[in-house]
Amino acid sequence: MDHREGHHHTGEGALPAEEMLGWAVFDVVVLLVLLAGALGYVLALWAARERSPWARHRTFFWHLGLACAAAGLLGPVATAAHSSFTAHMLGHLLLGMLAPLLLVLGAPVTLALRALPPAAARRLSRVLRSPVVRVLTHPVIAAAVNAGGLWLLYTTELYPLMHSSAVVHALVHGHILLTGYIFTASIIGVDPDPHRASMKLRSVMLILFIAAHSILAKWLYAHPPQGVEVGDGQSGAQLMYYGGDAVDIVLIVLLFAGWYSATRPRGLDAAGVRGR
Amino acid sequence: MKGPTHTRLDRRTVISGVLFGSGIAASIIDLFIFHLALQWHHFYDLLTTEVALTADGFFHAFGWFITVWGLFLLADIRRRTEVPWTRWSGAVITGVGFFQLLDGVVSHKILGIHQIRYGVDLLLYDVVWIGSAVLLLLIGVLMLHRTRPARVPA
Numbered sequence: 235m236d237h238r239e240g241h242h243h244t245g246e247g248a249l250p251a252e253e254m255l256g257w258a259v260f261d262v263v264v265l266l267v268l269l270a271g272a273l274g275y276v277l278a279l280w281a282a283r284e285r286s287p288w289a290r291h292r293t294f295f296w297h298l299g300l301a302c303a304a305a306g307l308l309g310p311v312a313t314a315a316h317s318s319f320t321a322h323m324l325g326h327l328l329l330g331m332l333a334p335l336l337l338v339l340g341a342p343v344t345l346a347l348r349a350l351p352p353a354a355a356r357r358l359s360r361v362l363r364s365p366v367v368r369v370l371t372h373p374v375i376a377a378a379v380n381a382g383g384l385w386l387l388y389t390t391e392l393y394p395l396m397h398s399s400a401v402v403h404a405l406v407h408g409h410i411l412l413t414g415y416i417f418t419a420s421i422i423g424v425d426p427d428p429h430r431a432s433m434k435l436r437s438v439m440l441i442l443f444i445a446a447h448s449i450l451a452k453w454l455y456a457h458p459p460q461g462v463e464v465g466d467g468q469s470g471a472q473l474m475y476y477g478g479d480a481v482d483i484v485l486i487v488l489l490f491a492g493w494y495s496a497t498r499p500r501g502l503d504a505a506g507v508r509g510r
Numbered sequence: 762m763k764g765p766t767h768t769r770l771d772r773r774t775v776i777s778g779v780l781f782g783s784g785i786a787a788s789i790i791d792l793f794i795f796h797l798a799l800q801w802h803h804f805y806d807l808l809t810t811e812v813a814l815t816a817d818g819f820f821h822a823f824g825w826f827i828t829v830w831g832l833f834l835l836a837d838i839r840r841r842t843e844v845p846w847t848r849w850s851g852a853v854i855t856g857v858g859f860f861q862l863l864d865g866v867v868s869h870k871i872l873g874i875h876q877i878r879y880g881v882d883l884l885l886y887d888v889v890w891i892g893s894a895v896l897l898l899l900i901g902v903l904m905l906h907r908t909r910p911a912r913v914p915a
């Protein structure tokens, strides 16, 4: 993939061969990981075909989530992101917010528990109950790691470094997707979560996260990262603010939708219709 | 048995309306009318101090959160009983007035997050803003007072 043109801001010509190789490896690895995600889900569906039917929207959301991640990491948006902060931000919204939300709605853990043989499923649920997972998926930790990563990325030299090193680029993007997933799952997860935090704590963390995201967006409007022009920085920051809001509103709605169905009074069916 | 549940649902109706009213004042009225349609004040005016920026971030996050919260509370009341719509509307108007007053006094005047409009004499705008907020608040409280549930004798 001819991916990296216009990537050096100074425009000093062709990249050294080994750097080109690094970027090519990155593309191939991303493609393989995403394909493995898609294939793994389909295989799990096949393995669990004898069980109760699996809601089709989950399968749809999972694959749409992988497609969003692909759109953020490969192809035209990713290419443009090397020279445009606005394109970078679009890729970031796809990879760090929209893809995690859709992947969480795909309920991969529930599917894995259905698909695995009993012994392996027990092992998986033991892992999910472990203290390490408990700490990592705690909303406070998940929000801090997610928002903290963003602050580091945009307020230090990490941002320019990310564009000159394929390894740093891969680590940053892996971090964005993974922490986005864990944070989203800790707030609105549909998978079984033995350590699910209270509604109150999840609400507070979501509000704090939205506040941090919008403060960072406005801060970036005034202080674009190193090497980003003012106009580009401003439109990227506005995209971060309003695009982030759109996803955040969905998160708030899903958080309350969970509360709404969990507090269903007796005598109402799942659709909330009063049975007489 | 009926009394306490009714009080709880009535309180929930008022809370729902006030949350929704404050929420739409914070998120929807401000965003669609003043930011996008009139473009009187902007996304970020570059003059705002860091403290005000932080406060604004929290205001903003709360705005959407309480809008959705208010609506889900309303849905919850609706699945339990008939919604007293006049009372709920009174609570919404109270919420809008309350938030506009808070915004007009605290964020415009005390914190200085942003002004209503730039390059004009602000006095008239401030008077209209705060005056209309107080008026809405009074109308809302009056509606709540007139629709208050009758005391159930014990």
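Residue numbers (my numbering), protein chains in the order written: chain A, 235 to 510; chain B, 762 to 915. Here a beta-carbon is modelled for each residue, glycine too, at the ideal position from N, C-alpha and C.
- Message: Along the chain, where does the alpha helix (DSSP H) containing residue 196/A start, and where does it finish?
- Response: Not covered by the structure: residue 196/A. The range shown for chain A is 235 to 510.
- Message: Quick check on the DSSP output: the alpha helix (DSSP H) that includes residue 910/B runs from which residue to which?
- Response: From DSSP, residue 910/B is part of no alpha helix (DSSP H); its letter is neither H nor E.
- Item | Coil, strand or helix - residue 856/B by DSSP | Residue 856/B: helix per DSSP, three-state reduction.
- Starting from residue 870/B, follow the alpha helix (DSSP H) in both directions and report where the run begins and ends. Per DSSP, residue 870/B lies in no alpha helix (DSSP H) segment and is marked neither H nor E.
- Spatial neighbours of residue 240/A within its chain, please: CB distance less than 7 Å, with the 5 preceding and 5 following residues excluded, ordered by chain position. The pLDDT assigned to residue 240/A is 43, lower than 50, so where the model puts this residue is not dependable; a value taken from the coordinates is nonetheless given after this. Correct list, in chain order: 316, 317.
- Item | Proximity of residue 418/A and residue 379/A at Cβ, strictly below 7 Å | no
- Task: My understanding is that residue 376/A touches residue 448/A, with C-beta atoms under 8 Å, so please give their C-beta distance in whole angstroms.
- Result: In fact, because the Cβ distance is near 19 Å, the residues do not count as touching under 8 Å.
- Assigned secondary structure, residue 482/A (DSSP; H/G/I helix, E/B strand, else coil): helix
- Query: Is residue 905/B near residue 842/B, with beta carbons less than 7 Å apart?
  - Reply: no
- Query: With residue 777/B and residue 863/B assumed to form a contact (beta carbons below 8 Å), what rounded beta-carbon distance in angstroms separates them?
  - Reply: Actually they are not in contact, since the Cβ atoms of residue 777/B and residue 863/B sit about 19 Å apart, beyond 8 Å.
- Does any residue of chain A bring its CB to less than 7 Å from the CB of residue 810/B? No, because no Cβ of chain A sits closer than 7 Å to the Cβ of residue 810/B.
- For residue 240/A, which three-state DSSP category applies? Summary for residue 240/A: the model assigns pLDDT 43, below 50, so the residue's position carries little reliability; its value from the coordinates is reported in the next sentence. Residue 240/A falls in the coil class under three-state DSSP.
- Item | Nonlocal neighbours in the same chain, by C-beta distance under 6 Å from residue 244/A, ignoring five residues either side | Note that residue 244/A scores 42 on pLDDT, short of 50, meaning its location in the model is unreliable; the coordinates nonetheless yield the value given after this. So the list is empty, once near-sequence residues are dropped.
- Using a cut-off of 8 Å between C-beta atoms, extract the partners of residue 494/A located in chain B. Correct list: 833, 836, 837.
- Along the chain, where does the alpha helix (DSSP H) that runs through residue 317/A open and close? Looking at the DSSP string, residue 317/A is not in any alpha helix (DSSP H), and its letter there is neither H nor E.
- Interface flag, residue 818/B vs chain A, CB-CB below 7 Å: yes
- Item | Closest residue to residue 355/A among 383/A, 300/A, 343/A, 481/A (Cα-Cα distance) | 343/A
- Item | Touching by the beta-carbon criterion (3+ pairs, under 8 Å), the segment 484-499 of chain A and the segment 450-469 of chain A | Touching, no.
- So, is the C-beta of residue 770/B closer than 7 Å to a C-beta in chain A? no
- Message: Using C-beta distances below 6 Å, list every residue in its chain close to residue 477/A, excluding the 5 sequence neighbours before and after it, in chain order.
- Response: 327
- Give the interface partners of residue 890/B over in chain A, defined as CB-CB distance under 7 Å, in chain order. Simply none; closest approach about 23 Å.
- Does DSSP classify residue 494/A as helix, strand or coil? helix
- Give the interface partners of residue 823/B over in chain A, defined as CB-CB distance under 7 Å, in chain order. 441
- Task: At 7 Å on the CB atoms, spell out the chain B contacts of residue 490/A, in chain order.
- Result: 829, 830, 833
- If you drop the 5 nearest sequence neighbours on each side, which residues of the same chain put their C-beta closer than 6 Å to that of residue 892/B? none
- Item | Residues of its chain near residue 468/A, where Cβ-Cβ distance is below 7 Å and the 5 sequence neighbours each way are ignored | 455
- With 16 as the cutoff for other CB atoms within 10 Å, does residue 779/B come out buried or exposed? buried
- Query: From residue 251/A to residue 396/A, what distance separates their C-alpha atoms?
  - Reply: 18 Å
- Can residue 333/A and residue 282/A be called in contact, C-beta distance under 7 Å? no
- In whole angstroms, what is the alpha-carbon distance linking residue 509/A and residue 495/A? Confidence at residue 509/A is low in this model, with a pLDDT of 45, below 50, so its placement is unreliable and the value that follows should be read with caution. One C-alpha to the other measures close to 16 Å.
- Message: For the structure I just gave you, are there three or more beta carbon pairs, one from the segment 883-902 of chain B and one from the segment 840-859 of chain B, closer than 8 Å?
- Response: yes
- Of all the options 907/B, 858/B, 910/B, 908/B, which has the alpha carbon lying nearest to the alpha carbon of residue 889/B? 858/B
- Query: residue 781/B touches chain A at which residues, Cβ-Cβ below 8 Å?
  - Reply: Ordered by position in chain A, no residue passes the 8 Å Cβ test against residue 781/B, which lies about 12 Å from the chain.
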